[in-house]
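Visitor:
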Amino acid sequence: MSIEGMEAWGDESARLRRDFHMHPELAFEEHRTSETIARLLQGWGYQVHSGLAGTGVVGRLSHGTGRRSLGIRADFDALPIHEETGAAHASRNPGKMHACGHDGHTTILLVAARFLAQTKRFDGTINVIFQPAEEIGRGAAAMIDQGLFERFDCDAVFGLHNIPGLRTGVFGFKPGIFWAAIDKIDIRLNGFGGHGALPHLSMDPLVAGASIVMALQTIVSRNVDPLESGVVTVGAFRSGEAGNVIPDTADLRLSLRSFTPAVRGILLDRVQAIAAHQARSFGVAMAAEITPGCPALVNDPAQTAFARRIAAEHFDANAVSDLDRPMSVSDDFALFLQKRPGAYVVLGNGEQSHPLHHPKYDFNDDTILPAASYWVKLAQAYLS
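Just so you know, we're using our numbering here: the sequence shown kicks off at 129 and counts up by one.
(1) Please go through the same chain and pick out, in chain order, the residues whose beta-carbon is closer than 8 Å to the beta-carbon of aspartate 345, but skip the five residues on each side of it.
(2) Quick one: grab the DSSP three-state call for glutamine 274.
(3) Aspartate 493: which of Glu132, Gly133 and Phe148 sits nearest, CA to CA?
(4) Report buried or exposed for threonine 234, applying the criterion of at least 16 other Cβ atoms within 10 angstroms of its Cβ.
(5) Using 10 angstroms around the beta-carbon of asparagine 427, count the other beta-carbons present and answer buried if the total reaches 16, otherwise exposed.
(6) So which of Ile394, Gly393, Phe387 and Ala416 has the shortest CA-CA distance to aspartate 379?
(7) Would alanine 216 be called buried (16 or more neighbouring beta carbons within 10 Å of its own) or exposed?
(8) Would serine 330 pass as a contact of glycine 319 if the rule is Cβ separation under 8 Å?
(9) Return the chain-ordered ranges of every alpha helix (DSSP H) run that is complete within the segment 190 to 272 and spans a minimum of 4 residues.
(10) With distances taken from CA atoms, which of Ile374, Leu189 and Gly368 is nearest asparagine 255?
(11) If you draw a straight line from the C-alpha of alanine 206 to the C-alpha of methionine 225, how long is it?
(12) Give the DSSP-derived three-state secondary structure of glycine 293 in the structure shown.
(13) What does the Cβ neighbour count give for threonine 193, buried or exposed, with the cut at 16 atoms within 10 Å?
(14) Can you check which of these residues, Arg195, Trp172, Gly287 and Pro292, is closest to phenylalanine 243 by C-alpha distance?
(15) Pull up the DSSP beta-bridge partners for phenylalanine 286, would you.
(16) Would you tell me roughly how many angstroms separate the C-alpha atoms of lysine 248 and isoleucine 236, rounded to the nearest one?
(17) From what residue to what residue does the alpha helix (DSSP H) around leucine 334 run?
(18) Could you tell me if asparagine 290 is buried or exposed, where buried requires 16 or more neighbouring beta carbons within 10 angstroms of its beta carbon?
(19) Can you grab the Cα-Cα spacing for the pair glycine 179 / glycine 265, in whole Å?
(20) Using CA coordinates, which residue listed in Asp203, Arg201 and Val298 is at the minimum distance from leucine 475?
(21) I'd like the list of long-range same chain contacts for arginine 220, defined as Cβ closer than 7 Å, with 5 residues on each side in sequence excluded.
(22) Does the distance from the C-beta atom of glycine 470 to that of alanine 309 stay below 8 Å?
(23) Would you be able to state if there are at least three C-beta pairs under 8 Å between the segment 394 to 402 and the segment 351 to 358?
(24) Can you tell which of Ser409, Leu326, Thr296 and Thr161 has its C-alpha closest to the C-alpha of alanine 343?
(25) Give me the Cα-Cα distance between phenylalanine 204 and phenylalanine 286, rounded to the nearest whole angstrom.
(26) Using only the alpha-carbon positions, how far apart do alanine 227 and alanine 218 sit?
(27) Could you check if serine 512 is buried or exposed, using at least 16 other CB atoms within 10 Å of its CB as the buried criterion?
(28) Between leucine 144 and leucine 238, how many whole angstroms is the CB-CB distance? I'm expecting something under 8 Å.
(29) Using a 10 Å radius around the Cβ and a threshold of 16 neighbouring Cβ atoms, would you call glutamine 480 buried or exposed?
(30) Does the beta-carbon of valine 373 have 16 or more other beta-carbons within 10 angstroms, so that it is buried, or is it exposed?
(31) Indicate the three-state DSSP secondary structure (helix, strand or coil) for isoleucine 374 in the structure shown.
(32) Starting from glutamine 175 and walking both ways along the alpha helix (DSSP H), at which residues does that stretch end?
(33) If I follow the unbroken alpha helix (DSSP H) through phenylalanine 148, where does it start and stop?
(34) Taking isoleucine 418 as part of the beta strand (DSSP E), name the residues at either end of that continuous run.
(35) Along the chain, where does the alpha helix (DSSP H) that runs through lysine 312 open and close?
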């Protein structure tokens with residue numbers, strides 16, 4: 129259900145979303161997208177501030193005498209994936225794709241921003257925040273470091289992400305810990321290569337790497353409290369090129385996900401310890417490079433209750449889902465929530481939707497107007 133006066137924007141909104149989809153841009157390279165956002169906001173009367181974190185855009189609109197201020201955030205970067213949807217609006221940039229729905233998130237917030245500017249039924253200040261580089265986990269930090277909340281004060285901040293598998297148009301809520309922290313580790317093993325027929329003259333990093341992969345599987349099962357959770361994923365293991373040559377090196381790339389600082393520390397410590405000791409037992413050298421990611425995303429209980437109430441009042445009861453478990457995905461909106469109270473909401477992309485980051489994924493245009501209406505209602509209620 130969309131707000132009266134917004135229904136006529138359906139086709140136009142879908143065209144805008146599909147234009148973003150056809151022109152995906154990777155993290156910190158989103159120049160066309162950023163320029164489009166800024167141009168539209170300026171046309172609707174927003175004070176537009178471009179260049180935050182390179183390609184980030186903030187639109188600011190004040191009305192009335194209210195002193196409260198609200199932030200709503202959308203991400204707009206794409207992924208290095210070759211699209212396989214076969215859609216008429218498929219990516220025109222080879223090897224780049226909106227496979228996470230950021231084209232939809234951006235369109236939703238733009239439609240809401242347009243409606244708020246035209247109707248001005250709020251009392252205070254609305255900041256619409258368009259963030260780059262979420263997919264590499266660096267955009268939120270860059271905007272914060274460049275003074276986002278000092279320049280654009282927000283009493284609360286909200287964000288939204290679509291979720292495949294959840295019924296179209298359903299809004300999901302969970303107070304407290306919601307999305308996981310993520311960290312990445314690259315491991316390099318340096319051995320001594322040689323002929324495959326003479327393995328005793330070599331120090332084989334490939335075998336050492338295989339042993340590390342298997343040993344890492346014990347971390348969650350034997351080091352993490354069974355009532356807690358964590359994920360250790362080895363996503364890449366590269367070594368050698370020929371079947372009769374023992375390589376000199378092996379490389380492993382890992383991602384770690386956790387929900388509490390304690391488990392996060394356990395995963396980081398145990399990965400390094402296991403890799404070091406396993407490597408030593410095979411006589412190869414080990415070096416680990418850690419790339420800290422974003423922390424766990426924690427929704428403020430009061431703001432989550434407020435966000436849920438808006439959905440329950442504007443839509444029917446079937447459009448509200450109370451989620452009982454956190455999700456193991458990650459989002460650097462978590463950093464915004466460390467600076468300001470707020471909530472991250474999930475939006476159903478349909479039960480038949482392909483998963484996020486899949487080459488056949490596409491955002492569901494049927495959710496644009498309902499979700500934009502939700503942002504409008506939330507902004508009007510918060511700034512009443």
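Each residue gets a CB set at the ideal place from its N, CA and C atoms; glycine is no exception.
Guide: On the basis of the data shown:
(1) Counting from one through the sequence shown, the residue named residue 345 turns up at place 217. First, the amino acid is wrong: residue 345 is glutamine here, not aspartate. Excluding positions up to five away in sequence, the list reads Val360.
(2) Your numbering for residue 274 matches position 146 in the sequence shown. If DSSP states are grouped into helix, strand and coil, glutamine 274 belongs with coil.
(3) Taking the sequence shown and counting its residues from 1, one reaches residue 493 at position 365. The option with the nearest alpha carbon to aspartate 493 is Phe148.
(4) Locating residue 234 in the sequence shown gives position 106, where the first residue counts as 1. Flag for threonine 234 reads buried.
(5) Position 299 of the sequence shown holds residue 427. Counting other Cβ atoms within 10 Å of its Cβ, asparagine 427 reaches 16 or more and is therefore classed as buried.
(6) Along the sequence shown, one-based indexing puts residue 379 at 251. Ranking Ile394, Gly393, Phe387 and Ala416 by Cα distance to aspartate 379 puts Ala416 first.
(7) Counting from one through the sequence shown, the residue named residue 216 turns up at place 88. Counting Cβ neighbours within 10 Å, alanine 216 comes out exposed, since fewer than 16 surround it.
(8) Along the sequence shown, read from residue 1 onward, the residue named residue 330 stands at position 202. Along the sequence shown, read from residue 1 onward, the residue named residue 319 stands at position 191. A contact, by the Cβ cut-off of 8 Å.
(9) For the segment 190 to 272, whole alpha helix (DSSP H) runs of length 4 or above, ordered along the chain, are 230 to 247.
(10) By one-based count along the sequence shown, residue 255 stands at place 127. Residue Leu189 is the option with its Cα nearest to asparagine 255.
(11) For the purposes of this step, residue 206 is taken as the residue at position 78 of the sequence shown. For the purposes of this step, residue 225 is taken as the residue at position 97 of the sequence shown. Rounded to whole angstroms, alanine 206 to methionine 225 spans 6 Å at the Cα level.
(12) To locate residue 293, count along the sequence shown from 1; it is residue 165. Reduced to three states, the DSSP call for glycine 293 is coil.
(13) Taking the first residue of the sequence shown as position 1, residue 193 is located at position 65. By the neighbour-count criterion, in which 16 or more other beta carbons inside 10 Å mark a residue as buried, threonine 193 falls on the exposed side.
(14) Taking the first residue of the sequence shown as 1, we reach residue 243 at position 115. Ranking the options by Cα distance to phenylalanine 243, first place goes to Trp172.
(15) For the purposes of this step, residue 286 is taken as the residue at position 158 of the sequence shown. Bridge partners of phenylalanine 286: Ile200 and Ala471.
(16) The residue you call residue 248 lines up with position 120 of the sequence shown. The residue you call residue 236 lines up with position 108 of the sequence shown. A direct Cα-to-Cα measurement between lysine 248 and isoleucine 236 gives close to 18 Å.
(17) Indexing the sequence shown from 1 puts residue 334 at position 206. Run containing leucine 334: 333 to 344, per the alpha helix (DSSP H) assignment.
(18) As a working note, residue 290 is residue 162 in the sequence shown. So asparagine 290 ends up on the buried side.
(19) Start at 1 with the first residue of the sequence shown, and residue 179 comes out as number 51. Start at 1 with the first residue of the sequence shown, and residue 265 comes out as number 137. Distance between the alpha carbons of glycine 179 and glycine 265 is about 18 Å.
(20) By 1-based counting over the sequence shown, the position of residue 475 is 347. Of the candidates Asp203, Arg201 and Val298, the one whose C-alpha sits nearest the C-alpha of leucine 475 is Val298.
(21) The residue labelled residue 220 in the question sits at position 92 within the sequence shown. Hits under 7 Å: Met150 and His151.
(22) On the sequence shown, residue 470 is found 342 positions in, with the first residue counted as 1. On the sequence shown, residue 309 is found 181 positions in, with the first residue counted as 1. Contact check for glycine 470 against alanine 309 fails: the beta carbons are separated by 8 Å or more.
(23) Short answer: they touch.
(24) For the purposes of this step, residue 343 is identified with residue 215 of the sequence shown, where counting begins at 1. Residue Ser409 holds the alpha-carbon nearest to the alpha-carbon of alanine 343 among Ser409, Leu326, Thr296 and Thr161.
(25) By 1-based counting over the sequence shown, the position of residue 204 is 76. By 1-based counting over the sequence shown, the position of residue 286 is 158. Using only the alpha carbons, I get a separation of about 16 Å.
(26) Position 99 of the sequence shown, counted from the first residue, corresponds to residue 227. Position 90 of the sequence shown, counted from the first residue, corresponds to residue 218. Taking the Cα positions, alanine 227 is about 11 Å away from alanine 218.
(27) Stepping through the sequence shown from its first residue, residue 512 is reached at position 384. Result: exposed.
(28) The residue given as residue 144 occupies position 16 in the sequence shown. The residue given as residue 238 occupies position 110 in the sequence shown. Yes, they are in contact, since the Cβ atoms of leucine 144 and leucine 238 sit about 7 Å apart, within 8 Å.
(29) Here residue 480 corresponds to residue number 352 of the sequence shown, with the count starting at 1. Glutamine 480 comes out exposed.
(30) For the purposes of this step, residue 373 is identified with residue 245 of the sequence shown, where counting begins at 1. Its Cβ having fewer than 16 others within 10 Å, valine 373 is exposed.
(31) For this step, residue 374 is matched to residue 246 along the sequence shown. Here isoleucine 374 sits in strand by DSSP.
(32) Residue mapping note: residue 175 aligns to position 47 of the sequence shown, counting from 1. Not the alpha helix (DSSP H): glutamine 175 falls in the beta strand (DSSP E), residues 175 to 180.
(33) Here residue 148 refers to the residue found at position 20 when the sequence shown is read from its first residue. Here the alpha helix (DSSP H) through phenylalanine 148 covers 138 to 150.
(34) Here the question's residue 418 lines up with position 290 in the sequence shown. Its beta strand (DSSP E) spans residues 413 to 420.
(35) Counted from its first residue, the sequence shown places residue 312 at position 184. According to the DSSP assignment, lysine 312 belongs to no alpha helix (DSSP H) but to the beta strand (DSSP E) extending over 309 to 318.
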